[in-house]
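The structure under discussion appears below in the form of structure tokens.
As structure tokens, then:
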């Protein structure tokens, strides 16, 4: 007799009445008389497998009864409808095989310290919430790429090694590049601008690095960023894309990841509310709101976490804040023709306290202005000659934004700690495993 | 009157008879009496715009006649069918506007040295072959992700900062990580194995780094690699996936990128031939073929470029070579139960001299064996404790492979130099722009 077909736990519901094979790991087990109820996960989901002493090989029944958490096994059984179980089915075992035993798996259902869990990240990944978060992350990545791929953007990978800093040198990681200093990229944007001049619309999507000495729940030293860049785009175009983009990824996740969001106990109504239009206001309007409400804030400063929470307070959607004081924004941003002290920049602030998830702008397209800015910011001009060339040869209005992937995953999953939103987080003093 | 709708050059053919707007750059221009023929590229393609002195504003006609290569402009015109032009249409100008002038664009149709072109990579990207190569690259990336996403694999980003070397330390880039040494990843595989145990089937897809002091046309210091890892997979499963995967991406590119492949003068029949099954042979069979043909090769050595060319000579498809001498392969590979001197490894060698594009294996799943290997290779065991945990807690047979993205792009595009297959290549002594 040939072996039953291997079926993913996630697909079991369409195999009711069939005998199938599931390959996975034991997450939990309970006995009741001549019955064993085994929780088996295969990475796509978890199913209850019922072993009945009378109808199973005695040696196998015995082997199963001694198995520790996270032992690996193959189980064959008939798929039976069971409305009480999360997936709607259970498995009535007819056979199986133990593959690899495990005893004293370090992570149990009891409370562990976050330090302990991070030291065991390679095993913690198997926990249902961690696995669900990473499945949502993968769905978000697909949604991001589909959004741009289906609208004529070309995926354009910016380099990791760069000769110069884009936004200050204090948070750069330095690498010995065959005897010369090189830096790990903080943003693919400047390269993306060259790409937009060649290909019209591009997006970069890769790791970026910040050597920030902050140990907050919102900081990673290595995180993924997506940065579209669009030739002939104005700030309004950039804001339109950002809005539609955010709505699309949230609604895609809602449509496909309800099982994961349920594991994560996410309030789905909060996500259903993320529909355009979002609120847009200028920085000055934001500050006026703070002043009117008695929220302490110094006009001209950048927003901190409490200010971001104020901005979205009472709103169930992201808020777009635009036209920022130019002197707290990057050198490459275009000034507002109506007010030279303002940069044509936008931050998108997520609701529920998740803070800034997008920063974008229309880029300066005038050569003389950019040369002044590079001098004023004391940046090494020779490192930016290539970037200035983009204004020397057929300059056009253009703009784009950067979205931090992990912050977006944290928001959509309702997860407080960004470190759970990437498989192996890198933080201050933390690179193992 | 409102402005005409902006249309991508690639989409013009479905707007014949309409007046549309194209925004882009001038790549070439020729005059004939009262006519100007302007080649305008917008990143999606190039169209000929015909300016007729009689029917155009005199100042605009004059401005156009003085425009240098790569000046940016907006042109409005009626789309007319023109079977002689590559896109099947041309544009009869009715209006327009010069946006940014350019004079003395550094790259012309004449021959330039590769050093010069690499120094001007940010502008060279605008050349038709470079842009076509990057569009094919983007299509390949999409195909790779779609292949895995649609088959239940979870995208699982491995870290860039790692505490230890996966395959020897001589080609590692070292980073100062807050006072501790860290290394840039050479492969996401070991992390991917942890992911497969948590999620069943995963793929990593990100930059990897090799500080190789070789200046060949096949080496980059920074390149993108895709690495699927599959729980419960054997070497045969890995080879089946690799074959189907390669066939899928080549056929996807053929289906969608004929305009780009035509620009690149690629022989499409060579790509049409990439259909399963591919030839599979053991390392020993490969060597026997070499010996029989009088091709000089030392049994037990790794293949060099001439050997790889021999292996695929006379074949129009990739060749899978499996069961390699264990002592020239990585420590984590499982041994062949039928011959302990052989690793259950496979290399996939592309035809036409493009060499190895995939390396894969079934992984060692036995704790004691792996501990021996780590000792024998003098690797620091403490750095691998987490990896050994994967064998301590529910070990399962598993395997996967790594595909080098840029080599695959080079092969599919028929491009000799891998440096043209990534937007900003990083090579020995080369990180600008």
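Residue numbers (my numbering), protein chains in the order written: chain A, 647 to 1079; chain B, 647 to 1079.
Every residue gets a Cβ at the ideal spot worked out from N, C-alpha and C, and that includes glycine.
List, in chain order, every chain B residue whose beta-carbon is nearer than 7 Å to that of residue i.
i	result
residue 806 of chain A	853, 868
residue 746 of chain A	1040, 1041, 1042
residue 718 of chain A	1040, 1041, 1042
residue 787 of chain A	801
residue 1020 of chain A	Those within 7 Å of residue 1020 of chain A in chain B number zero; the least Cβ separation is about 15 Å.
residue 878 of chain A	669
Any heavy atom of the ligand NAD closer than 7 Å to the Cβ of residue i?
i	result
residue 753 of chain A	Because no ligand of any kind appears in the structure shown, any question about the ligand NAD cannot be addressed here.
So with Cβ pairs under 8 Å, would you call residue i a contact of chain B?
i	result
residue 895 of chain A	no
residue 669 of chain A	yes
residue 874 of chain A	no
residue 791 of chain A	yes
residue 795 of chain A	yes
residue 819 of chain A	yes
residue 587 of chain A	In the structure displayed, chain A extends from 647 to 1079; residue 587 of chain A sits before or after that span and is not available.
residue 661 of chain A	no
residue 768 of chain A	yes
Using a Cβ cut-off of 7 Å, pull out every chain A residue sitting near residue i, in sequence order please.
i	result
residue 1072 of chain B	805, 807
residue 621 of chain B	For chain B, the structure presents residues 647 to 1079; residue 621 of chain B sits outside this window and is missing.
residue 1079 of chain B	1032
residue 828 of chain B	1077
In chain B, which residues lie with their C-beta within 8 Å of the C-beta of residue i?
i	result
residue 802 of chain A	780, 784, 1069
residue 847 of chain A	689
With a cut-off of 8 Å, does the C-beta of residue i fall near any C-beta of chain A?
i	result
residue 840 of chain B	yes
residue 1034 of chain B	no
residue 926 of chain B	no
residue 666 of chain B	no
residue 843 of chain B	yes
residue 822 of chain B	yes
residue 771 of chain B	yes
residue 654 of chain B	yes
residue 777 of chain B	yes
residue 978 of chain B	no
residue 1000 of chain B	no
residue 941 of chain B	no
Run through the DSSP bridge pairs and tell me what residue i is partnered with.
i	result
residue 1049 of chain B	B/872, B/1004
residue 927 of chain A	A/967
residue 727 of chain A	A/735
residue 823 of chain B	B/826
residue 835 of chain A	For residue 835 of chain A, which the question treats as bridged, DSSP gives no partner whatsoever.
residue 808 of chain A	A/829
residue 721 of chain B	B/668, B/742
residue 848 of chain A	A/800, A/875
Can you name the residues of chain B whose CB is closer than 9 Å to the CB of residue i?
i	result
residue 798 of chain A	654, 656, 657, 689, 690
Using a cut-off of 7 Å between C-beta atoms, extract the partners of residue i located in chain D.
i	result
residue 751 of chain B	In the structure shown, chain D cannot be found, because the protein chains are A and B.
Can you pull the chain A neighbours of residue i, defined as C-beta to C-beta under 9 Å?
i	result
residue 758 of chain B	The premise fails here: residue 758 of chain B is roughly 15 Å from chain A at the closest Cβ pair, so nothing lies under 9 Å.
> What are the complete alpha helix (DSSP H) segments, minimum 4 residues, inside the region 656-717 of chain A?
Replying inline: Qualifying alpha helix (DSSP H) stretches, in chain order: 704-711.
>> Please give me, in chain order, every unbroken run of the alpha helix (DSSP H) with length at least 4 that falls completely inside the region 756-786 of chain A.
In response: 760-765, 767-770
>> Threshold first: 3 residues or longer. Then list the beta strand (DSSP E) segments lying entirely within the region 955-1025 of chain A, N to C.
In response: Here the runs fully enclosed are 965-971, 985-996, 1001-1008.
>> For the region 848-855 of chain B against the region 1014-1033 of chain B, do three or more pairs of beta-carbon atoms, one drawn from each stretch, fall closer than 8 Å, so that the two count as touching?
In response: no
> Counting Cβ pairs closer than 8 Å, one from the region 1047-1066 of chain B and one from the region 761-778 of chain A, do we hit at least three?
Replying inline: Fewer than three Cβ pairs drawn from the region 1047-1066 of chain B and the region 761-778 of chain A lie within less than 8 Å of each other, which leaves the two stretches out of contact.
> Okay, do the region 713-721 of chain B and the region 1034-1044 of chain A touch, 3+ Cβ pairs below 8 Å being the bar?
Replying inline: Result yes; three or more Cβ-Cβ pairs closer than 8 Å.
>> For the pair the region 802-809 of chain A and the region 789-796 of chain B, tell me if three or more CB-CB distances fall below 8 Å.
In response: no
> Do the region 648-663 of chain A and the region 723-740 of chain A meet, that is, are 3 or more Cβ pairs less than 8 Å apart?
Replying inline: yes
> Any chance the region 842-849 of chain B sits against the region 668-681 of chain B, with 3 or more Cβ pairs inside 8 Å?
Replying inline: Not touching, per the Cβ criterion.
> Is the region 755-763 of chain A touching the region 881-889 of chain A, taking contact as three or more C-beta pairs under 8 Å?
Replying inline: no
>> Using a Cβ distance threshold of 8 Å, determine whether the region 988-1004 of chain B contacts the region 951-970 of chain B, with at least three qualifying pairs required.
In response: yes
> Would the region 940-954 of chain A and the region 977-992 of chain A be scored as touching if the rule is three or more Cβ pairs under 8 Å?
Replying inline: no
> What alpha helix (DSSP H) runs, 4 residues minimum, are completely inside the region 850-924 of chain A?
Replying inline: 881-902, 904-909, 914-918, all fully within the region 850-924 of chain A.
>> If contact is defined by three or more beta carbon pairs under 8 Å, each pair taking one atom from either stretch, is the region 998-1007 of chain B in contact with the region 1028-1035 of chain B?
In response: no
> Should the region 828-846 of chain B be regarded as contacting the region 768-785 of chain A, the criterion being three or more beta carbon pairs within less than 8 Å?
Replying inline: Yes, they touch.
> Taking one C-beta from the region 675-687 of chain B and one from the region 696-715 of chain B each time, how about it: are there three or more such pairs within less than 8 Å?
Replying inline: Verdict: yes, contact present.
> Does the count of Cβ pairs from the region 886-901 of chain A and the region 917-933 of chain A closer than 8 Å reach three?
Replying inline: yes
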